[in-house]
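In this note's numbering, the protein residues as written are 24 to 444. A short write-up of the structure that comes next.
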């Protein structure tokens, strides 16, 4: 007889009366909340980004990744279909796939090194050594069926070259789930075949939600990033704003650096350290890009809850995958790309502008430090201490302003609703 399942315990968290304009620091440090997130967010009703279809173009290709902290493998079979399964052998629980990516050849077989149970690209068990024993001894029972012992699979959808997986069989299709606003911006970037240009990985000593806040925060961008502000890639005075889908899960921050600015004197009057006209570039061609999109937007940061960022900054295009690694750590995987029809000059521009982003990017390197500063302070915070998130009000409405924290408040509203806090 199977033992009864352990009851799911929802951590008690007294959220302040001010609602999502106040966030308890405990959300970054509580292991029980982290465990609940794995259950209700990553293994719950969400489409988790697994990778780009272009990362596994050929039969037998695979990529190892995670859904939350659950190890997952994305594969392509001999008929071109994409699959995903939990990277945990049905026999004794060992990792089946131990490489980040590769190709298993025409057979498409993934074999666990421990006892050599073998699975096809769809996670079906196709081989067990000594299944009938040896010399009349050993072997599995007569009613042991391979079909009963496949790997746990995810429902998978390839949406315009973005591969998503979910454990929720009843979840609406990706486009219906993310809504028209998010779908528009996905299709804006993923409008034709891609050319992969590289991958970088960054490990940060902070809770994944600290970075989720950072991504949704246009307020910090010109206050933290000197390169952004001084060289005009992004300033809060530029034309732009925040767009949210009706569920508040998915958001887009946009700006135009070629549009007229208003109020730049405020940067000088307030003596902001991130606006310094004495800085110059030894190689100005770093910023000598090309206009690519008809809407004129020079920076677009799109977040799809819970773990995907789609980025266009100047001519850099990338997806960022956020992977929790315990309550106080996460990994950020950047996959850089262009388009298959890019000419050599545009590819060279993209490669040079990669210096702007990534773990040591001229723009983004400060984000890693900022998230760790928050985490270190949160771990030492007294009971009941909270963040104050009130730039441009206390609500969660979309705004045309780049001086707003409404998008962060929307994230926390979704978080509270999903976890039942």
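Cβ coordinates follow ideal geometry from the N, Cα and C atoms, glycine included.
- Rounded to whole angstroms, residue 391 and residue 244 show a C-alpha spacing of 13 Å.
- Restricted to the region 112–153, the beta strand (DSSP E) segments that are unbroken, complete and at least 3 residues in length are 124–126, 148–150, listed in chain order.
- In the DSSP assignment, residue 96 forms a beta bridge with 87, 108.
- A contact is defined here as three or more CB-CB pairs under 8 Å, and the region 132–150 meets this definition with respect to the region 111–120.
- The Cβ-Cβ distance between residue 221 and residue 279 does not fall below 7 Å.
- Boundaries of the beta strand (DSSP E) harbouring residue 279: 274–279, taken from the DSSP string.
- Here the alpha carbon of residue 408 sits roughly 57 Å from the alpha carbon of residue 163.
- Setting aside the 5 residues that flank it on each side, residue 436 is surrounded in the same chain by 43, 271, 419, each with a C-beta closer than 7 Å to its C-beta; the list follows chain order.
- Secondary-structure assignment with DSSP links residue 323 through a beta bridge to 277, 335.
- Take residue 189, set aside five residues on each side of it, and the residues of its chain with a beta-carbon closer than 7 Å to its own are 69, 70, 71, 177, 178, in chain order.
- Residue pairing for residue 47: DSSP places it in a beta bridge opposite 409.
- Residue 102 is classed as exposed because its beta carbon has fewer than 16 other beta carbons within 10 Å across all chains shown.
- Counting only residues of its own chain and dropping the five nearest sequence neighbours on each side, residue 335 has a CB closer than 6 Å to the CB of 323.
- Counted as a single uninterrupted DSSP element, the alpha helix (DSSP H) harbouring residue 370 occupies residues 367–376.
- By the CB criterion at 7 Å, residue 337 and residue 312 fall inside the cutoff.
- About 5 Å separates the Cβ atoms of residue 56 and residue 34, confirming a contact at the 8 Å cut-off.
- Cα atoms of residue 111 and residue 105: separation of roughly 18 Å, rounded to the nearest angstrom.
- Within the same chain, Cβ atoms closer than 7 Å to the Cβ of residue 46 are found at 409, 410, 412, 435, the five residues on either side in sequence being excluded.
- Going by C-alpha positions, residue 156 is about 17 Å away from residue 141.
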